[in-house]
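One structure below.
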């Protein structure tokens with residue numbers, strides 16, 4: 001990201017997707033948020049100024065999270081809502097994906113879903129392809145606006161790219177195979193995923209970063225602590241700013257109002273280009289699962 005673009009970042013900043021829609025540059029995630037806490041947490045986030053909510057079928061709180069949108073009084077059109085498929089009880093595939101999109105619409109009562117991601121590449125080639133075709137049809141039916149994947153390795157992405165070309169040939173031209181708009185991964189300075197990021201950047205696919213603050217496991221790292229002291233920010237804020245300046249869409253999560261606010265206080269300082277690069281490592285240290293390494297047949 002250029003210095004000018006980094007300087008212009010704000011809580012209401014968006015980036016245009018390949019689908020043509022805009023996605024807010026900071027997302028509020030609800031992973032592991034108890035369903036009974038989700039409405040209040042999301043409502044607080046919306047009050048503070050977040051306009052991007054990231055849920056999933058597997059989180060079992062997408063309906064409760066979405067209920068905060070009408071309760072907030074903010075127009076539906078101003079909030080970007082994401083979910084993911086499948087559930088563990090509904091293995092990846094064409095029919096299950098169609099069903100889970102409909103379940104998400106029923107549970108969220110939002111009228112449409114801004115983004116649906118394939119949560120992980122498990123299921124083998126035919127089930128991955130079937131799930132993608134179901135998402136393509138869901139877009140064509142007006143149920144979903146943008147589609148993408150999560151936790152795909154480059155080999156999974158290459159497979160999908162070829163399948164999109166196959167669908168275009170079978171279904172009548174460019175765009176008929178679906179438009180890959182977003183990819184979501186664990187990304188932070190200790191897991192930079194340079195190969196995946198390069199693949200996405202070459203195709204204008206937006207990279208979303210989950211676990212951007214590494215679940216707090218890196219607090220006290222010398223470089224991180226030094227930057228926090230220099231800028232008068234928390235180490236979490238340094239990591240979120242790093243993610244933004246790398247061009248990613250970081251997803252933050254909390255049920256604590258003060259922390260929900262703190263995670264937005266990222267726009268009154270700017271890391272230098274050298275600091276952004278120096279904080280990144282070539283290490284491989286995931287703090288969550290990593291399906292990207294799974295073989296195509298799994």
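Residue numbers (full-length UniProt numbering): 1 to 298.
Backbone N, C-alpha and C fix where the C-beta goes; we use that ideal spot for every residue, glycine too.
Quantities reported herein were computed from a predicted structural model and do not represent experimental measurements.
Item to check | residue 181: first and last residue of the uninterrupted beta strand (DSSP E) it sits in | outcome: By one-based count along the chain shown, residue 181 stands at place 181. Taken as a continuous stretch (DSSP letters only), the beta strand (DSSP E) holding residue 181 covers 180-186.
Next on the checklist: Using 8 Å as the threshold, is the C-beta distance between residue 159 and residue 296 below it?
Outcome noted: Within the chain shown, the letter at position 159 stands for residue 159. Within the chain shown, the letter at position 296 stands for residue 296. Yes, these two residues count as a Cβ contact at 8 Å.
Next on the checklist: Assuming residue 154 is part of the alpha helix (DSSP H), what are its boundary residues?
Outcome noted: Residue mapping note: residue 154 aligns to position 154 of the chain shown, counting from 1. That run of the alpha helix (DSSP H) goes 154-171.
Checklist entry - Fully enclosed by the region 259-285, which alpha helix (DSSP H) runs are 4 residues long or longer? => result 273-279
Checklist entry - At which residue ranges does the region 198-266 contain complete alpha helix (DSSP H) runs of 4 or more residues, listed in the order of the chain? => result 222-231, 235-245, 257-262
Checklist entry - Is the Cβ-Cβ distance between residue 130 and residue 183 less than 8 Å? => result Taking the chain shown and counting its residues from 1, the one referred to as residue 130 is at position 130. Taking the chain shown and counting its residues from 1, the one referred to as residue 183 is at position 183. No, the Cβ-Cβ distance between residue 130 and residue 183 is not below 8 Å.
Item to check | Candidates 58, 37, 59, 22: closest to residue 52 by CA position | outcome: Counted from its first residue, the chain shown places residue 52 at position 52. Ranking 58, 37, 59, 22 by Cα distance to residue 52 puts 22 first.
Checklist entry - In whole angstroms, what separates the C-alpha of residue 3 from that of residue 19? => result Your numbering for residue 3 matches position 3 in the chain shown. Your numbering for residue 19 matches position 19 in the chain shown. For residue 3, the pLDDT reaches just 46, beneath the cut-off of 50, and the residue's location in the model is therefore unreliable, although a value from the coordinates is still provided. The straight-line gap from Cα to Cα measures roughly 26 Å.
Item to check | Pair within 8 Å by beta-carbon distance, residue 56 and residue 260 | outcome: The residue labelled residue 56 in the question sits at position 56 within the chain shown. The residue labelled residue 260 in the question sits at position 260 within the chain shown. The answer is no: Cβ separation not under 8 Å.
Checklist entry - Comparing alpha-carbon positions, which option in 281, 99, 186 lies nearest residue 289? => result Within the chain shown, the letter at position 289 stands for residue 289. Residue 186 is the option with its Cα nearest to residue 289.
Next on the checklist: Using the Cβ count rule (16 or more neighbours within 10 Å means buried), how would you classify residue 233?
Outcome noted: Locating residue 233 in the chain shown gives position 233, counting from the first residue. Classification of residue 233: buried, given that the 10 Å Cβ count is 16 or more.
Checklist entry - For residue 279, which of 82, 29, 98, 221 has the nearest alpha-carbon? => result Indexing the chain shown from 1 puts residue 279 at position 279. Closest by alpha carbon: 221.
Item to check | C-beta atoms of residue 207 and residue 144 nearer than 8 Å | outcome: If you number the chain shown from 1, residue 207 lands on position 207. If you number the chain shown from 1, residue 144 lands on position 144. No, the Cβ-Cβ distance between residue 207 and residue 144 is not below 8 Å.
Checklist entry - Taking buried to mean at least 16 other C-beta atoms within 10 Å of its own C-beta, is residue 285 buried or exposed? => result In the chain shown, the residue the question calls residue 285 occupies position 285. Exposed is the call here.
Checklist entry - To which residues of the same chain is residue 107 closer than 8 Å at the C-beta, ignoring the five residues directly before and after it? => result Here residue 107 corresponds to residue number 107 of the chain shown, with the count starting at 1. Closer than 8 Å at Cβ, skipping near neighbours: 62, 63, 66.
Checklist entry - What's the C-alpha gap between residue 103 and residue 117? => result What you label residue 103 is simply residue 103 of the chain shown in a count that begins at 1. What you label residue 117 is simply residue 117 of the chain shown in a count that begins at 1. Each residue's alpha carbon lies about 15 Å from the other.
Checklist entry - Under the DSSP definition of a beta bridge, which residues are partnered with residue 24? => result Taking the chain shown and counting its residues from 1, one reaches residue 24 at position 24. Paired residues: 14.
Checklist entry - In the structure shown, what three-state DSSP assignment does residue 146 receive? => result Start at 1 with the first residue of the chain shown, and residue 146 comes out as number 146. The answer is strand: DSSP assigns residue 146 an E or B state.
Item to check | Rounded straight-line distance, which links the Cα of residue 12 to that of residue 219 | outcome: On the chain shown, residue 219 is found 219 positions in, with the first residue counted as 1. On the chain shown, residue 12 is found 12 positions in, with the first residue counted as 1. Computed Cα separation, rounded: 28 Å.
Next on the checklist: Assuming residue 142 and residue 112 are in contact, meaning their beta carbons sit under 8 Å apart, how far apart are those beta carbons, in whole angstroms?
Outcome noted: Residue numbering aside, residue 142 sits at position 142 when the chain shown is read from its first letter. Residue numbering aside, residue 112 sits at position 112 when the chain shown is read from its first letter. About 7 Å separates the two Cβ atoms, so the contact holds.
Next on the checklist: DSSP three-state label for residue 29, please.
Outcome noted: In the chain shown, counting from the first residue as 1, residue 29 sits at position 29. The answer is strand: DSSP assigns residue 29 an E or B state.
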